[in-house]
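Here is the structure we will look at, set down as structure tokens.
Numbering (the numbering used here), first residue to last: 67 to 461.
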């Protein structure tokens, strides 16, 4: 899909000016500026969500590439059972981000055009705004857009709107045009972005599960097996009661950390795990220990229970707890990402509502202060959630 270079901008501007210059006394310029800034702020918040998606998508690409290189490796990406499987689209990560950024940019440019129209701005300002919107559409048409569901419809609707504006002659004719077509253009643009929400959540979950699994598997190889072998080598008849108690505490702490690690990944994988499912997940969490309550010797090795042996047990226990903390961090990051994605979906709904209201300003007066406040609050919420993501990562 290619858009004509001139895109009907000059003649469309003439039609826009007819509407923009009629009945424009006492236009609240400052209020409209605040609203325009709120839309820009909303785009910035949305860009932050895209950046978060890029981190997870990049990690998944790296893991997939490693699995393809190693024929013995297997990577299972678990799709949430209560969400649709994201449609497979043959786009690189860079192309995906480029397309979404251009859609957001086109929304801002369209908003500027509608705002300038409501303000009664000059023909030059309208021309520049429409030119920017047309450029964004042209870029979308050539940015692998045909691979993105709904994108072609958005570009085509945008082109149709301004092609019709080129032919408009009377003020009321263009008013009717905006009222009849702008909403469809806005809805199509926002729909492209809304279609990504489930995929972004899927990516966040898949990345969290794979990161947790990698840590859990490595802990078993590096710490659990070694700690178990050390404990089995101890002579249960040696050592003082205090030393045995310390050994028990260390092993119990390590077991508790392992159980929590398994529970964390299981909770994300199946959402609401049952007690039976959790028990099954933790059935392999076994480490030998002394049964002080029954004064029973569990360990029958030959190595005496010494301070050195206890020190080695402590090192393993601390190492396991350190990895447990990493799993906690991954879970906190995922929870924050999930909240940010939900807030992003609400922000998109707010963007649609505000632009739709502005497109109908000629028949339903709008208060730019109210629109600005509503969008600003939504953008602030998204940024706050993204701050929580960064805090979880840095913790």
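Heads up, the beta-carbon is just placed ideally off N, CA and C, and yes, glycines get one too.
Everything numeric in this text was worked out from a predicted model, so none of it was measured.
- Between residue 170 and residue 109, the beta carbon gap of about 5 Å places them in contact (Cβ cut-off 8 Å).
- For the pair of segments examined, the stretch 390-398 was found not to touch the stretch 286-297: the number of CB pairs separated by less than 8 Å stays below three.
- In the three-state reduction of the DSSP assignment, residue 157 falls in the coil class.
- Here DSSP, grouped into helix, strand and coil, assigns residue 433 to coil.
- Just so you know, the alpha carbons of residue 403 and residue 126 end up roughly 16 Å apart.
- In this structure, residue 448 keeps its C-beta atom at 8 Å or more from the C-beta atom of residue 118.
- Around the beta carbon of residue 131, fewer than 16 other beta carbons sit within 10 angstroms, so the residue counts as exposed.
- Counting only the Cα atoms, residue 375 lies some 21 Å from residue 323.
- Look at residue 401 here: in three-state DSSP terms it is helix.
- Distance check between residue 206 and each of 276, 172, 176, 180 places 172 closest, using alpha-carbon atoms only.
- Judged by their CB atoms, residue 115 and residue 445 are not nearer to each other than the 8 Å cut-off.
- It is roughly 50 Å from the alpha-carbon of residue 415 to the alpha-carbon of residue 382.
- Judged by DSSP in its simplified three-state form, residue 301 adopts strand.
- Beta bridge pairing from DSSP links residue 369 with 300.
- Judged by their CB atoms, residue 217 and residue 258 are nearer to each other than the 8 Å cut-off.
- Cβ-Cβ distances below 7 Å link residue 370 to 301, 304, 305 in the same chain, with the five nearest sequence neighbours on each side left out; the list follows chain order.
- Rounded to the nearest whole angstrom, the CA to CA distance from residue 388 to residue 315 is 16 Å.
- Assignment of residue 214 by DSSP, reduced to helix, strand and coil, places it in the coil class.
- Taking residue 412 as the centre and dropping the five residues before and after it, the same chain places the C-beta of 444 closer than 7 Å to its C-beta, in chain order.
- Between residue 279 and residue 331 a beta carbon distance of about 6 Å is seen, short of the 8 Å cut, so the two are scored as contacting.
- Residue 436 holds the alpha-carbon nearest to the alpha-carbon of residue 94 among 261, 436, 452.
- With respect to residue 248, residue 442 sits apart: the two C-beta atoms are not nearer than 8 Å.
- Annotated three-state conformation of residue 204 is helix, per DSSP.
- For residue 198, the three-state secondary structure derived from DSSP is helix.
- Pairing residue 122 with residue 269 gives a Cβ-Cβ distance under 8 Å.
- Here the alpha carbon of residue 254 sits roughly 7 Å from the alpha carbon of residue 219.
- Counting along the chain, the unbroken alpha helix (DSSP H) around residue 118 starts and ends at 95-135.
- A direct Cα-to-Cα measurement between residue 282 and residue 297 gives close to 20 Å.
- Here residue 445 carries a helix assignment [DSSP, helix/strand/coil].
- Residue 271 is not a Cβ neighbour of residue 325, given a cutoff of 8 Å.
- One Cα belongs to residue 274, the other to residue 102, and the distance between them is close to 37 Å.
- Judged by DSSP secondary structure, residue 289 falls outside any alpha helix (DSSP H); it is assigned neither H nor E.
- For the pair residue 287 and residue 163, the Cα-to-Cα distance works out to about 38 Å.
- Across the set 183, 178, 176, 320, the C-alpha of 320 shows the shortest separation from the C-alpha of residue 378.
- In the structure shown, the three-state DSSP call for residue 306 is coil.
- By the neighbour-count criterion, in which a residue is buried when 16 or more other Cβ atoms sit within 10 angstroms of its Cβ, residue 372 is exposed.
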